[in-house]
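Here the structure comes first, spelled out in structure tokens, and everything after it is commentary.
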Amino acid sequence: MVATRALVAFGRNDIRGTYRDPLLIMIVVAPVIWTTGVALLTPRFTSMLADRNGFDLVPYYPLILTAFLLLTSIIIVGGLAAFLVLDEVDAGTLTALQVTPVPLSALFIYRAATVMVVTTVYVIATMSFSGILEPGLVPALIPIGLLSGLSAVVSLLLIVALAGNKIQGLAALRALGMLIAGLPCLPWFIDSGWNLAFGVLPPYWAAKAFWVASDHGTWWPYLLAGVVYNVAVALPLFRRFVAKNT
């Protein structure tokens with residue numbers, strides 16, 4: 011009961027903070043910008059490349075969706091959640107929590123659940139309204155979105171493990187940005203089993219599952235492997251987070 015009231019209080023505080031913190035406002039505005047850009051510009055570039063160079067961009071639509079919507083959702087949501095946690099560190103919230111009946115794990119579970127839900131909604135909504143998603147893929151986006159949310163939680167944990175405040179967090183976000191939102195796109199161009207080497211990057215598995223689903227292949231093994239791997243990475247990072255703040 012105490013934990014439930016605490017979670018409600020955490021949520022109420024986040025909602026109030028959304029109106030004051032520009033970073034939290036961006037979490038609402040950014041997906042609209044990404045989706046509008048992809049929906050408006052991709053068809054124009056497709057026509058331009060076809061007319062001028064005879065190049066068909068349509069087969070690369072899954073890659074475009076991955077780079078601009080799926081992976082971006084992971085790094086943005088995970089990064090902003092990390093800033094919220096670092097704010098709580100700076101404000102002494104985590105220290106104060108130690109003298110209450112609410113364990114630190116309850117706050118993190120709330121943060122992780124919020125990150126997973128928001129990331130999943132972003133992945134489904136942005137891709138669905140992009141105008142270039144292949145019909146029939148929306149059901150597959152639900153589990154793939156949840157896996158993306160799990161990768162966003164890993165991103166959150168990586169940032170708070172590397173940073174002690176928001177300034178360091180911003181530097182960590184920049185350093186991790188390419189690893190999370192850039193490198194997982196490279197396996198698209200590797201047509202062999204070697205692309206699995208990129209599986210050391212947590213977001214790779216969500217991207218790979220989406221590509222295989224777009225190609226009407228069997229994508230669920232990549233989903234399961236991604237869940238196992240992301241959880242395996244998250245657990246030691248979570249233990250480090252708890253040890254660092256207790």
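Residue numbers (our numbering): 11 to 256. Beta carbons are placed, not taken as given, at the ideal position from N, Cα and C, and that holds for glycine.
Burial state of residue i (16 or more Cβ within 10 Å)
i: isoleucine 177; result: exposed
i: asparagine 240; result: buried
i: leucine 245; result: exposed
i: glycine 179; result: buried
i: leucine 183; result: buried
i: tryptophan 221; result: buried
i: leucine 234; result: exposed
i: threonine 76; result: buried
i: threonine 213; result: Inspection of the sequence shows that residue 213 is occupied by proline rather than by threonine. Buried.
i: serine 115; result: exposed
Pick from the options that is closest to residue i, judged by C-alpha positions
i: tyrosine 120; options: Val99, Leu143, Val95, Met137; result: Val95
i: alanine 257; options: Gly159, Ala135, Leu172; result: Because residue 257 is not part of the residues shown, which for the chain are 11 to 256, the question remains open.
i: asparagine 255; options: Leu117, Ala77, Leu156, Trp44; result: Leu117
i: leucine 211; options: Leu81, Ile74, Val42; result: Leu81
i: alanine 101; options: Ala223, Gly47, Gly174, Val237; result: Gly174
i: methionine 126; options: Val133, Leu114, Leu156; result: Leu156
i: tryptophan 215; options: Pro149, Val237, Val39; result: Val237
i: tyrosine 132; options: Ala171, Ile85, Leu172, Pro113; result: Ile85
i: proline 153; options: Phe139, Thr130, Ser140, Ser138; result: Thr130
Own chain, CB closer than 6 Å to residue i, minus 5 neighbours either side, in chain order
i: valine 128; result: Val87
i: alanine 217; result: Thr76, Pro194
i: alanine 150; result: Ala223
Contacts around residue i, its chain only, beta-carbon distance under 8 Å, and the 5 residues preceding and following it disregarded
i: alanine 135; result: Pro41, Thr45
i: glycine 47; result: Phe78
i: threonine 228; result: Val222
Other residues of its chain near residue i: CB distance less than 7 Å, five sequence neighbours each side excluded
i: alanine 171; result: Leu247, Arg250, Phe251
Segment contact, 8 Å Cβ cut-off, at least three pairs: the stretch 184-192 with the stretch 40-58: With a cut-off of 8 Å, the stretch 40-58 and the stretch 184-192 do not count as touching, because too few Cβ pairs lie within range.
Any 3 or more C-beta pairs closer than 8 Å across the stretch 66-79 and the stretch 164-174: Taking 8 Å as the limit for Cβ pairs, the verdict is that the stretch 164-174 does not touch the stretch 66-79.
The stretch 71-80 contacting the stretch 142-151, beta-carbon criterion three pairs below 8 Å: Proximity of the stretch 71-80 to the stretch 142-151 meets the contact definition, three or more beta-carbon pairs being nearer than 8 Å.
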